[in-house]
Every structure is written in structure tokens, then in C-alpha cells.
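Asker:
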Amino acid sequence: MDPIVTFEGVRKTYDGATFVVDELNLTLARGEFLTLLGPSGSGKTTTLMMLAGFEDPSAGTITLDGKRLNHVPAHRRGIGMVFQNYALFPHMTVAQNLAFPLEMHGVAKADIGPRVKRALDMVRLPHLRDRRPAQLSGGQQQRVAVARALVYGPKLVLMDEPLGALDKQLRYELQLEIKHLHDELGVTIVYVTHDQSEALTMSDRIAVFHHGRIQQLASPGELYERPCNAFVASFVGENNRFDGTLVDRDGALCRVRLPNGSLIVASHATDLAAGAPVVLSLRPERVSARAQAAHENRFDGELLEVIYQGDHCKLRLRVAGNEDFVAKVPAVESAQWRRGDVLAVSWPAQACMALAEG
Amino acid sequence: MTAASMPGRPLHALLRATTAVVLLFLVLPIVVVFPLSFSSGELLTLPTPGWSWRWYEDFFTSGKWLLATRNSFIVGIATAFFATLLGTLCALGIYLGRFRGKGLLVGMLSTPMVVPVVVTAVAVYFAFAVVGLNNTLAGLIVAHTVLSVPYVLITVLATLQTFDANLLKAAATLGAPPHVAFRRVVLPLIAPGVATGALFAFATSFDELVVAIFVAGPEQFTLPRQMYAGVREFLSPTIAAAAVLLILCSLVFLALNEWIRTRMNAPAPAIADPAEPN
Numbered sequence: 001m002d003p004i005v006t007f008e009g010v011r012k013t014y015d016g017a018t019f020v021v022d023e024l025n026l027t028l029a030r031g032e033f034l035t036l037l038g039p040s041g042s043g044k045t046t047t048l049m050m051l052a053g054f055e056d057p058s059a060g061t062i063t064l065d066g067k068r069l070n071h072v073p074a075h076r077r078g079i080g081m082v083f084q085n086y087a088l089f090p091h092m093t094v095a096q097n098l099a100f101p102l103e104m105h106g107v108a109k110a111d112i113g114p115r116v117k118r119a120l121d122m123v124r125l126p127h128l129r130d131r132r133p134a135q136l137s138g139g140q141q142q143r144v145a146v147a148r149a150l151v152y153g154p155k156l157v158l159m160d161e162p163l164g165a166l167d168k169q170l171r172y173e174l175q176l177e178i179k180h181l182h183d184e185l186g187v188t189i190v191y192v193t194h195d196q197s198e199a200l201t202m203s204d205r206i207a208v209f210h211h212g213r214i215q216q217l218a219s220p221g222e223l224y225e226r227p228c229n230a231f232v233a234s235f236v237g238e239n240n241r242f243d244g245t246l247v248d249r250d251g252a253l254c255r256v257r258l259p260n261g262s263l264i265v266a267s268h269a270t271d272l273a274a275g276a277p278v279v280l281s282l283r284p285e286r287v288s289a290r291a292q293a294a295h296e297n298r299f300d301g302e303l304l305e306v307i308y309q310g311d312h313c314k315l316r317l318r319v320a321g322n323e324d325f326v327a328k329v330p331a332v333e334s335a336q337w338r339r340g341d342v343l344a345v346s347w348p349a350q351a352c353m354a355l356a357e358g
Numbered sequence: 359m360t361a362a363s364m365p366g367r368p369l370h371a372l373l374r375a376t377t378a379v380v381l382l383f384l385v386l387p388i389v390v391v392f393p394l395s396f397s398s399g400e401l402l403t404l405p406t407p408g409w410s411w412r413w414y415e416d417f418f419t420s421g422k423w424l425l426a427t428r429n430s431f432i433v434g435i436a437t438a439f440f441a442t443l444l445g446t447l448c449a450l451g452i453y454l455g456r457f458r459g460k461g462l463l464v465g466m467l468s469t470p471m472v473v474p475v476v477v478t479a480v481a482v483y484f485a486f487a488v489v490g491l492n493n494t495l496a497g498l499i500v501a502h503t504v505l506s507v508p509y510v511l512i513t514v515l516a517t518l519q520t521f522d523a524n525l526l527k528a529a530a531t532l533g534a535p536p537h538v539a540f541r542r543v544v545l546p547l548i549a550p551g552v553a554t555g556a557l558f559a560f561a562t563s564f565d566e567l568v569v570a571i572f573v574a575g576p577e578q579f580t581l582p583r584q585m586y587a588g589v590r591e592f593l594s595p596t597i598a599a600a601a602v603l604l605i606l607c608s609l610v611f612l613a614l615n616e617w618i619r620t621r622m623n624a625p626a627p628a629i630a631d632p633a634e635p636n
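Chains A and B supply the protein sequences, listed in that same order. Counting in my numbering, the first sequence runs without a single skipped number right up to 358 at its last residue. Counting in my numbering, the second sequence runs without a single skipped number right up to 636 at its last residue.
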């Protein structure tokens with residue numbers, strides 16, 4: 001891995017007592033798309049602002065290309081940024097907005113025009129070069145903002161919930177567009193969002209933040225399949241949760257006793273001792289409602305509600321005392337069941353993870 | 359005509375009449391100086407014995423009045439410059455700074471607006487006696503700047519409420535050092551507020567009398583001070599001519615202010631090409 005940015009022991013506190021960011025150690029690989037994911041107040045935006053140069057770390061070191069960034073002002077860091085509210089200069093046209101960073105970086109006058117044009121072509125808005133930001137739609141404004149952050153060729157671009165103000169359809173379009181730009185240009189992107197599906201769609205790696213600390217740093221697939229604790233499991237993707245006590249372990253599997261006495265066979269990744277309290281996490285799509293399925297865990301589930309979602313249905317069931325147990329099944333299968341039916345639900349041991357509370 | 363509005367009609371007429379009376383009350387004293395300034399007589403009396411331009415001629419040929427006009431413009435323009443510079447920087451610091459007690463600070467900086475001018479004038483007089491600024495144009499400029507800064511501060515602060523602080527962050531990430539960001543991004547966007555503040559500062563200085571009485575010697579007489587001297591010494595209709603000229607200046611200020619205001623509130627050009635989805 002060729003590191004471009006490192007955080008070493010970075011902490012941030014405003015009052016000296018509570019740490020908004022606590023003991024952050026993180027290395028970014030050149031050219032990667034890293035997402036900082038977390039609920040509001042988890043420290044992800046503060047981390048981004050420290051990297052951009054708008055907040056000073058209370059302790060620790062941030063480096064960019066091996067050089068210490070502490071106390072380097074934002075305008076000398078050469079880090080591009082895209083903001084949630086676009087932050088386009090309202091008194092300049094689109095072309096003037098794009099020319100601004102080129103002028104600031106001393107690009108020769110003759111080169112500015114062609115580079116602005118290339119950047120506008122890149123985001124497919126060449127026809128809007130003489131418009132003012134107020135004359136553009138939200139999606140167009142954010143495309144211009146992305147082009148403006150990239151036009152002067154920064155090695156690193158930060159994006160602070162850039163799609164938060166857009167509607168769902170447009171958000172998805174722009175997610176892919178930004179991802180494609182990242183692939184084409186090879187620029188390193190640090191992206192902040194609280195939307196887990198956005199993080200899964202776009203990222204090479206995701207850092208899940210909670211209480212100022214990174215809970216897990218992993219690829220989207222690993223994060224979803226092997227969350228390291230209950231917080232990550234519940235924050236990324238949908239999740240059935242059981243609280244229980246670890247009974248014993250056998251290789252990669254373990255048995256967990258629920259408060260109502262039921263035993264569940266689960267897999268475990270972390271080192272947990274017998275008798276320890278654990279949280280079981282089970283993805284709804286891994287639950288089978290077919291009677292003939294042969295899985296380690298089989299329970300009777302009383303059907304409480306069928307929630308139609310078009311391509312699939314969610315069944316809300318009472319399973320082992322849990323009234324919020326959800327199974328995701330194809331819509332065609334669900335037609336045979338009525339509320340009050342008792343279904344045989346089952347799931348394999350490796351789909352169910354025993355985790356420590358995060 | 360609906361039944362509900364019928365009983366409102368006499369009240370409506372009364373309202374109009376009252377409004378007319380109030381307006382007359384406000385405007386008549388000002389209107390009166392117009393015929394007086396064109397009087398051919400030596401005395402400030404109505405009706406005038408005849409019409410002439412002689413008092414305007416007197417104004418534009420008298421050394422005293424020309425000096426006063428010159429002083430007024432020098433002091434007014436310098437005051438507008440310094441008050442705008444200080445007030446704008448002050449507003450920016452208060453808007454962008456992260457510290458407690460901003461309200462208290464704005465309140466303290468606004469005191470010259472609230473404290474009776476005569477109190478400020480006396481204080482300035484004694485202070486200037488120590489540093490030797492009485493009877494100088496520079497002293498008058500400093501004193502007027504003190505009185506004018508709050509107007510600039512408040513108009514610029516009001517304009518900054520609509521300024522998005524993220525634009526400064528954006529400018530920084532695009533490589534603009536703070537002073538360039540200020541010139542290229544902040545200033546163009548708050549220009550209407552700055553211009554209004556400058557206008558207020560000039561107007562404050564231009565019609566200020568009390569401080570001028572204390573601080574200005576005969577060489578530093580401004581137009582209001584010269585008029586005051588004229589009223590006390592020899593009551594000539596030149597004062598009426600000067601008053602008319604001052605009223606015309608005020609009308610120009612009003613028009614300028616209105617022009618800035620409409621420009622500031624001008625709606626963004628309509629979105630063209632609505633066929634485009636995004």
C-alpha cells in the first residue's frame with residue numbers, strides 16, 4: 001500500500017473533557033475511495049475538517065505525502081473539497097467558478113479556458129458554462145462543485161455529505177457518477193456520509209465511526225458480512241438482534257442461550273469467553289421460511305405482519321421471544337401466508353454472528 | 359363592494375386625511391426654505407418681495423461658504439472611508455470569529471449611536487485637548503468616524519447574515535489565501551451592505567453639527583456649522599440657499615440608497631431551459 005494520508009493518535013476535544021475524535025489511527029492508500037460512515041456526532045465530519053485544515057487536532061499528527069499537516073493553513077494543503085450545500089460562488093458564472101482554483105494555482109491564462117471546458121465536459125454540463133449557480137438545479141450545482149474541486153488536479157478530494165440535499169433517484173445517479181470519476185482520474189477521495197447504502201455503493205473501504213472512534217475499517221463486503229461488533233452490525237444493513245449469553249465454543253461455532261432458554265448456534269469472530277454476554281446479529285435475507293430448509297437453527301415463528309416491498313416481502317415474526325424478528329423473502333413466496341400462521345424459520349450457523357456490544 | 363367593508367369607508371377617509379396632515383406637517387418646514395432662498399429681499403420673510411438667484415450667487419462666491427462646502431466634503435468622504443474600513447472589518451471579525459460575548463461587543467461598539475451626541479462631543483473635546491486635535495480637520499474626521507462606525511457595522515452585519523460561511527472554506531480549499539478570498543468572494547457579495555454603510559457614514563458626517571461646534575475652529579467650519587454661525591450672526595437668505603442645496607444632497611443620498619436596496623433585493627435571473635431535468 002502506498003500511503004497518501006496518515007492519522008497518528010489524533011484526538012480532538014473542545015472542552016478538554018469529551019473527545020469528539022479519540023485516538024484516531026488511520027492510513028489512506030493512494031487512489032482509494034475511503035468513506036467515513038457514522039451517525040451524526042460520531043466524529044466523522046470533525047475528522048474530515050481536521051484533514052481539510054478547518055479544525056486543529058488537540059493531539060496527534062496528520063501527514064499528507066509524508067509531510068506534517070498540523071498548522072498548515074487550508075489554502076496551502078492542496079486538498080479539494082465538495083460541500084453538502086454546494087458552496088458555489090453565487091456572483092460568478094459556472095465557468096468563473098471553475099476558473100477560480102486555476103487562477104489561484106497560477107495556471108497560465110491561455111490554459112484556463114481549455115481546462116474549464118474539459119472539466120465541464122467531464123461532468124456533462126458544457127452548455128451551462130455561462131449560467132449563475134442560482135439558475136441551476138441542485139444536481140447540476142453539485143456536479144459543478146465536483147468539477148470545481150477536481151479541475152486543478154488535487155491529489156486528494158474530500159466530500160462532506162455531498163448528496164445529502166438531493167432526492168433519492170438523483171442521489172443514486174450521482175453516486176455512480178462520482179464513483180466513475182474516481183475510477184477514471186485515480187484521485188484519492190475521502191467521503192463522509194451517514195447513509196450506509198451510499199457507503200456500500202461507492203467505497204473501496206469504509207471506516208465506521210461511533211463515539212469518536214473507528215469501530216471497524218474494512219471493505220464494504222467484509223463490513224456487511226463480518227461486522228466486528230453489534231454497533232457496526234446494526235448500523236450497516238438491516239439486522240435481527242438477540243441478546244444472550246455464550247454457553248460454549250466449538251471451533252468457529254458457538255452456542256448462545258437466550259433469556260427465554262432457547263439455544264442458538266452461531267459463528268464468532270472475536271475472542272469471547274464462556275458466560276460472556278453477547279449480541280447475535282442475523283441479516284433478514286439469510287433467514288429461510290421454507291419448511292424443508294436444513295439449517296442448524298430452526299424455530300417456530302408466528303407471522304405478525306407482511307410488509308410488501310415490490311421485489312420482496314418483509315415478514316415480521318415472533319421468534320424465540322423477539323417480536324421484531326424480520327425475514328426477507330421473495331414476494332411470490334409470501335402469498336401463501338396469512339397473519340397468525342406459524343412458520344418454520346431457519347438459518348445457518350455461519351449467517352448468525354455472536355458479537356460483543358459495540 | 360362587500361357588506362363587511364361598508365362601515366370601513368368613513369374610517370378609511372379619516373385615515374387618508376390624517377396621513378395627509380402628518381405628511382404636510384413633516385414636509386412644509388422644508389418646503390418653506392425654497393421660496394425663501396429665491397427671495398430678492400435682504401430679510402428672511404414671506405411673502406418674498408420678488409424672485410432672484412442672488413443668494414445662490416452669494417453662496418458660490420463667498421469664501422466662507424465655499425470653504426465650508428469644501429470642508430464638509432473632505433470630512434464626509436474621509437469619514438465614510440475610515441468608518442467603512444473599520445466597520446466592515448469589525449463586522450467580519452464578529453461574524454467569523456469564534457468567541458463569547460458577541461452581543462455585548464456589538465452593543466458597546468454601537469454606543470455612539472445611542473449616547474447623546476453632545477456627550478460624545480464634550481468627551482471628544484476634552485480628549486482632543488490632550489492630544490491637540492481640536493481645531494483640525496483630522497480631529498473632526500476622527501470624531502465623525504467614531505459616530506459613523508456603528509452605522510457601517512450594523513448594515514454590514516445585516517448583510518453578512520445572508521453570507522454563507524462555507525464559501526470561505528470553499529475558497530480556501532481552492533487555494534485562495536484569506537485576503538484573496540475576502541476580495542474575490544466576500545466583498546462582491548456584501549458590497550450592497552458596505553455601500554449603504556458608507557452612504558450612512560457620509561450622511562452622518564455631512565449633517566453633523568454638535569461635534570463640529572465643539573471641535574471645529576472657523577477654518578474647519580462645515581456646512582451645518584457655517585449655517586449655525588450664519589443664523590446667530592447675520593440672518594441672510596444665503597442660509598436658505600445653503601439649506602436647499604443640503605436638501606438636494608439628501609435627496610441624492612436617498613435615491614442612491616434606494617438604488618442599492620433594489621439591486622440588493624433583485625431576484626436572481628429566472629431559470630432558463632426548464633426542459634432540462636437536472
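The beta carbon of each residue, even a glycine, is placed where N, CA and C say it ideally should be.
1. Counting only Cβ-Cβ distances shorter than 8 Å, please list the residues of the stretch 508-529 of chain B near chain E, keeping chain order.
2. Can you tell me whether DSSP reads residue 308 of chain A as helix, strand or coil?
3. Look at the alpha carbon of residue 543 of chain B and the alpha carbon of residue 369 of chain B, and state the distance between them as a whole number of angstroms.
4. Report back the beta-carbon spacing between residue 560 of chain B and residue 437 of chain B to the nearest angstrom; my notes put them in contact at under 8 Å.
5. Excluding the five sequence neighbours on either side, which residues of its own chain have a C-beta within less than 6 Å of the C-beta of residue 360 of chain B, listed in chain order?
6. Nearest by alpha-carbon distance to residue 512 of chain B: which of B:579, B:426, B:367, B:461 is it?
7. Who are the neighbours of residue 543 of chain B on chain A, taking C-beta pairs under 7 Å?
8. Quick one: what's residue 397 of chain B bridged to in DSSP?
9. Give me the Cβ distance between residue 203 of chain A and residue 227 of chain A, rounded to the nearest whole Å; I'm assuming they're in contact under 8 Å.
10. Span of the alpha helix (DSSP H) holding residue 91 of chain A?
11. Taking the alpha carbon of residue 11 of chain A as the point to measure from, which residue in A:121, A:44, A:174, A:40 has its own alpha carbon closest?
12. Leaving aside the five residues before and after residue 526 of chain B along the sequence, list all residues of the same chain whose C-beta is less than 6 Å from its C-beta, in chain order.
13. Kindly list the residues whose CB is nearer than 8 Å to the CB of residue 373 of chain B, restricted to its own chain and excluding five residues on each side of it in sequence; keep chain order.
14. Just to confirm my understanding: we take residue 342 of chain A, look at its own chain, exclude 5 residues before and 5 after, and list those with CB closer than 8 Å. What are they?
15. Which chain A residues sit within Cβ distance under 7 Å of residue 534 of chain B?
16. Quick test of the definition: if touching needs 3 or more C-beta pairs under 8 Å, does the stretch 85-105 of chain A touch the stretch 171-189 of chain A?
17. Where does the unbroken beta strand (DSSP E) through residue 111 of chain A begin, and where does it stop?
18. Return the CA-CA distance between residue 186 of chain A and residue 195 of chain A, expressed in angstroms with no decimal places.
19. Just verifying my parser: in three-state terms, what is the DSSP assignment at residue 238 of chain A?
20. Run down chain A in chain order and give the residues with a C-beta less than 9 Å from the C-beta of residue 547 of chain B.
21. Which ranges would you report for the beta strand (DSSP E) in the stretch 144-204 of chain A if only whole runs of at least 3 residues count?
22. Among residues of its own chain, excluding the 5 on either side of residue 23 of chain A, which ones have a beta-carbon nearer than 7 Å to its beta-carbon?
23. Do residue 401 of chain A and residue 242 of chain A have their C-beta atoms within less than 8 Å of each other?
24. Would you kindly check if the distance between the Cβ of residue 414 of chain B and the Cβ of residue 530 of chain B is under 8 Å?
25. Residues in the stretch 33-45 of chain A with C-beta within 9 Å of chain B's C-beta atoms, listed in sequence order?
26. How about residue 246 of chain A and residue 354 of chain A: are their beta carbons less than 8 Å apart?
27. Compute the Euclidean distance between the alpha carbons of residue 519 of chain B and residue 488 of chain B, then round it to the nearest angstrom.
28. The alpha helix (DSSP H) that contains residue 50 of chain A, what's its start and end?
29. My understanding is that residue 482 of chain B touches residue 501 of chain B, with C-beta atoms under 8 Å, so please give their C-beta distance in whole angstroms.
30. What's the C-alpha gap between residue 636 of chain B and residue 292 of chain A?
Answerer: Concretely, from the data shown:
1. No chain E is part of this structure, whose protein chains are labelled A and B.
2. Reading the first sequence from its first residue, position 308 is the one you call residue 308 of chain A. Three-state result, residue 308 of chain A: strand.
3. For this step, residue 543 of chain B is matched to residue 185 along the second sequence. For this step, residue 369 of chain B is matched to residue 11 along the second sequence. One C-alpha to the other measures close to 52 Å.
4. Here the question's residue 560 of chain B lines up with position 202 in the second sequence. Here the question's residue 437 of chain B lines up with position 79 in the second sequence. Sure, about 7 Å apart at Cβ, within 8 Å.
5. As a working note, residue 360 of chain B is residue 2 in the second sequence. Annotation note: pLDDT 49 at residue 360 of chain B (below 50); position unreliable, coordinate value reported separately. Excluding positions up to five away in sequence, the list is empty.
6. Numbered from its first residue, the second sequence carries residue 512 of chain B at position 154. Comparing Cα-Cα distances from residue 512 of chain B to each of B:579, B:426, B:367, B:461, the minimum goes to B:461.
7. Translated into positions along the second sequence, residue 543 of chain B becomes position 185. Chain A residues near residue 543 of chain B: 89.
8. Taking the first residue of the second sequence as 1, we reach residue 397 of chain B at position 39. In DSSP, residue 397 of chain B forms a bridge with B:409.
9. Within the first sequence, residue 203 of chain A is the residue found at index 203, counting from 1. Within the first sequence, residue 227 of chain A is the residue found at index 227, counting from 1. In fact, because the Cβ distance is near 15 Å, the residues do not count as touching under 8 Å.
10. As a working mapping, residue 91 of chain A is identified with position 91 in the first sequence. Element bounds for residue 91 of chain A: n/a, residue is neither H nor E.
11. Indexing the first sequence from 1 puts residue 11 of chain A at position 11. Among A:121, A:44, A:174, A:40, the Cα nearest to that of residue 11 of chain A belongs to A:44.
12. Looking up residue 526 of chain B in the second sequence gives position 168. Result list for residue 526 of chain B: 539, in chain order.
13. Within the second sequence, numbered from 1, the residue matching residue 373 of chain B stands at position 15. In its own chain, leaving out the 5 sequence neighbours on each side, no residue places its CB closer than 8 Å to the CB of residue 373 of chain B.
14. The sequence position of residue 342 of chain A within the first sequence is 342, counting from 1. Beyond the five residues adjoining it in sequence on each side, residue 342 of chain A comes within less than 8 Å, by CB distance, of 300, 301, 302, 303 in the same chain, given in chain order.
15. By 1-based counting over the second sequence, the position of residue 534 of chain B is 176. Per Cβ cutoff of 7 Å: 75, 104.
16. Contact between the stretch 85-105 of chain A and the stretch 171-189 of chain A is absent, because fewer than three Cβ pairs lie under 8 Å.
17. Counted from its first residue, the first sequence places residue 111 of chain A at position 111. Taken as a continuous stretch (DSSP letters only), residue 111 of chain A belongs to no beta strand (DSSP E), being part of the alpha helix (DSSP H) at 109-122.
18. Working through the first sequence from its first residue, we reach residue 186 of chain A at position 186. Working through the first sequence from its first residue, we reach residue 195 of chain A at position 195. The alpha-carbon atoms of residue 186 of chain A and residue 195 of chain A are separated by roughly 24 Å.
19. Within the first sequence, the letter at position 238 stands for residue 238 of chain A. Residue 238 of chain A falls in the coil class under three-state DSSP.
20. Sequence index remark: in the second sequence, residue 547 of chain B carries index 189 (1-based). Chain A residues near residue 547 of chain B: 89, 90, 91.
21. 156-160, 188-193
22. Position 23 of the first sequence, counted from the start, is the residue given in the question as residue 23 of chain A. Beyond the five residues adjoining it in sequence on each side, residue 23 of chain A comes within less than 7 Å, by CB distance, of 9, 11, 213 in the same chain, given in chain order.
23. Chain A is shown from 1 up to 358; residue 401 of chain A falls before or after that span and cannot be answered.
24. Taking the first residue of the second sequence as position 1, residue 530 of chain B is located at position 172. Taking the first residue of the second sequence as position 1, residue 414 of chain B is located at position 56. In this structure, residue 414 of chain B does not lie closer than 8 Å to residue 530 of chain B by Cβ.
25. none
26. Residue numbering aside, residue 246 of chain A sits at position 246 when the first sequence is read from its first letter. Residue numbering aside, residue 354 of chain A sits at position 354 when the first sequence is read from its first letter. Result yes, Cβ atoms of residue 246 of chain A and residue 354 of chain A sit closer than 8 Å.
27. As a working mapping, residue 519 of chain B is identified with position 161 in the second sequence. As a working mapping, residue 488 of chain B is identified with position 130 in the second sequence. Roughly 40 Å separates the two Cα atoms.
28. On the first sequence, residue 50 of chain A is found 50 positions in, with the first residue counted as 1. For residue 50 of chain A, the enclosing alpha helix (DSSP H) starts and ends at 44-52.
29. Along the second sequence, read from residue 1 onward, the residue named residue 482 of chain B stands at position 124. Along the second sequence, read from residue 1 onward, the residue named residue 501 of chain B stands at position 143. At roughly 5 Å, the Cβ-Cβ gap stays under 8 Å, so residue 482 of chain B and residue 501 of chain B are in contact.
30. Here residue 636 of chain B refers to the residue found at position 278 of the second sequence. Here residue 292 of chain A refers to the residue found at position 292 of the first sequence. Annotation note: pLDDT 39 at residue 636 of chain B (below 50); position unreliable, coordinate value reported separately. When rounded, the distance between both Cα atoms is 50 Å.
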